[in-house]
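Peer 1: Quick note: UniProt numbering has the sequence shown finishing at residue 233, numbered continuously throughout. Every residue, glycine too, gets a C-beta built ideally from N, C-alpha and C. First the structure, which I've put down as structure tokens, then a few questions once you've had a look.
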Amino acid sequence: MQIWRVIDTAGNNGRWNMEFDLKLLSSLETEDIPPTLRFYRWEPPAVSLGATQKPEEEINLDFCHKNGIDVVRRPSGGGAIFHQDEITYSFVARTSDHKTFHDLLTSYYTIIEGLEKGLEKIGVHAEIRGGKSCGPERYLPCFALSSRHDLVVGNKKIIGSAQRRKKKMFLQHGSIPFSYEPSLITKIFLRPETFFEKATSLAEVLGHHPDEEEVKKALTEGLEEILEIKFLS
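Here it is as structure tokens:
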């Protein structure tokens with residue numbers, strides 16, 4: 001059985017988190033390291049924007065600056081995400097590291113399936129379903145979209161992910177919200193109207209705030225089962 005790596009970098013600012021994800025991706029080319037799963041938080045809270053989004057079209061920049069909310073750009077696509085009470089995962093690997101990694105769609109689906117298996121272990125029954133792409137709804141917050149391979153519970157997105165490919169390597173990362181503050185969502189995003197119709201959180205689904213360590217353990221085990229590998233720190 002292959003041994004891969006899992007790390008936890010705890011809480012850091014948005015710029016540091018995005019730079020570290022890219023550093024992990026680049027290290028696959030220059031160093032002899034195994035595929036790596038990372039968990040992290042955002043301190044202070046942050047809004048991350050997709051690679052091609054214009055912040056002035058998505059969020060209230062003045063409110064974010066005045067309230068100490070970082071605004072950063074992700075190296076991947078997708079919509080704007082507010083990171084506060086959550087954990088985020090990132091995963092980097094070479095396309096040769098697993099039989100499902102050569103194709104973008106298959107690798108994306110495989111990782112999402114592992115996360116789905118992990119959520120089951122804490123009592124969250126999510127599913128991978130078809131849905132709308134970012135076409136006419138491209139200006140909505142990312143969690144107000146249900147793209148083709150996101151995880152949803154009762155038609156509401158619970159984990160949104162995005163992938164970036166570089167030569168024969170890729171980075172996939174996604175947000176796992178524990179809870180939301182409705183008052184902040186409505187003040188941060190310029191188009192928040194549909195957010196709470198299309199997005200949910202672990203606390204909303206479970207009826208209580210989950211234990212962070214339990215969630216990370218479950219997600220790691222779910223990925224191990226689907227990928228048929230073992231993660232070690």
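Can you name the start and end residues of the beta strand (DSSP E) that Gly123 belongs to?
Peer 2: It is not in any beta strand (DSSP E) - Gly123 carries neither H nor E in the DSSP assignment.
Peer 1: For Cys134 and Glu228, I'd like the C-alpha separation in whole angstroms.
Peer 2: Low confidence applies here, because Cys134 scores a pLDDT of 41, under 50, leaving its location unreliable and the question unanswered by this model.
Peer 1: Starting from the Cα of Leu206, find the closest Cα among Pro192, Val153 and Leu115 and give me that residue.
Peer 2: For Leu206, the nearest C-alpha among the options comes from Val153.
Peer 1: Rounded to whole angstroms, what is the Cα-Cα separation between Arg73 and Gly123?
Peer 2: Answer to the nearest angstrom: the Cα atoms are 33 Å apart.
Peer 1: In chain order, what residues of the same chain lie with their CB nearer than 8 Å to the CB of Met169, ignoring the 5 residues before and after it?
Peer 2: Correct list, in chain order: Leu25, Leu28, Glu29, Val92, Ala93, Arg94 and Thr95.
Peer 1: Find out if the Cβ-Cβ distance for the pair Ser179, Ser201 is shorter than 8 Å.
Peer 2: Their beta carbons are under 8 Å apart, which means Ser179 touches Ser201 by this criterion.
Peer 1: Quick one: grab the DSSP three-state call for Gly14.
Peer 2: Residue state, collapsed to three classes: helix.
Peer 1: Go to Thr36, then tell me how far its beta strand (DSSP E) extends in each direction, as first and last residue.
Peer 2: Its beta strand (DSSP E) spans residues Thr36 to Trp42.
Peer 1: In this structure, does DSSP put Ser179 in helix, strand or coil?
Peer 2: Ser179 falls in the coil class under three-state DSSP.
Peer 1: On a Cα-Cα basis, can you pick out the residue from Ala10, Ala80 and Ser90 that is closest to Ile111?
Peer 2: If we check each option's Cα against that of Ile111, Ser90 comes out closest.
Peer 1: Once DSSP output is grouped into helix, strand and coil, what is the label at Ile159?
Peer 2: It is a strand residue.
Peer 1: Please report how far the alpha carbon of Gly174 lies from the alpha carbon of Thr88, in whole angstroms.
Peer 2: For Gly174 and Thr88, the distance between alpha carbons rounds to 6 Å.
Peer 1: List, from N- to C-terminal side, the beta strand (DSSP E) runs of 3 residues or more that fit wholly inside the stretch 43–68.
Peer 2: You should have 46–49.
Peer 1: Given 8 Å as the limit, is there contact between the stretch 189–200 and the stretch 115–122, that is, 3 or more CB pairs closer than that?
Peer 2: Touching, no.
Peer 1: Considering Phe91, what are the terminal residues of the beta strand (DSSP E) in which it resides?
Peer 2: Note, Phe91: beta strand (DSSP E), Glu86 to Arg94.
Peer 1: Note down, in chain order, each residue of its chain lying with its Cβ closer than 6 Å to the Cβ of Asn13, except the 5 sequence neighbours on either side.
Peer 2: Closer than 6 Å at the Cβ level, and outside the excluded window around Asn13, lie Asp70.
Peer 1: By alpha-carbon positions, which one of Thr52, Ala51 and Val47 ends up nearest to Asn60?
Peer 2: That would be Val47, whose Cα lies nearest to the Cα of Asn60.
Peer 1: Given a threshold of 16 other Cβ atoms within 10 Å of its Cβ, counted over all protein chains shown, does Leu105 qualify as buried or as exposed?
Peer 2: It counts as exposed.
Peer 1: Count the other C-beta atoms from every protein chain shown that fall within 10 angstroms of the C-beta of Phe63, then say buried if there are 16 or more, exposed otherwise.
Peer 2: Exposed is the call here.
Peer 1: What do you reckon, are the CB atoms on Arg5 and Pro44 nearer than 8 Å?
Peer 2: No, the Cβ-Cβ distance between Arg5 and Pro44 is not below 8 Å.
Peer 1: Starting from the Cα of Ile159, find the closest Cα among Ala51, Val215, Glu193 and Asp211 and give me that residue.
Peer 2: Ile159 has its Cα closest to that of Val215, out of Ala51, Val215, Glu193 and Asp211.
Peer 1: Taking the alpha carbon of Asp8 as the point to measure from, which residue in Asp97, Trp42 and Asp103 has its own alpha carbon closest?
Peer 2: With distances taken between Cα atoms, Asp8 lies closest to Trp42.
Peer 1: May I ask you to report which of helix, strand or coil DSSP gives Gly114?
Peer 2: Helix.
Peer 1: Do the CB positions of Pro75 and Asp150 come within less than 8 Å of each other?
Peer 2: Taking 8 Å as the Cβ cut-off, Pro75 and Asp150 do not qualify as a contacting pair.
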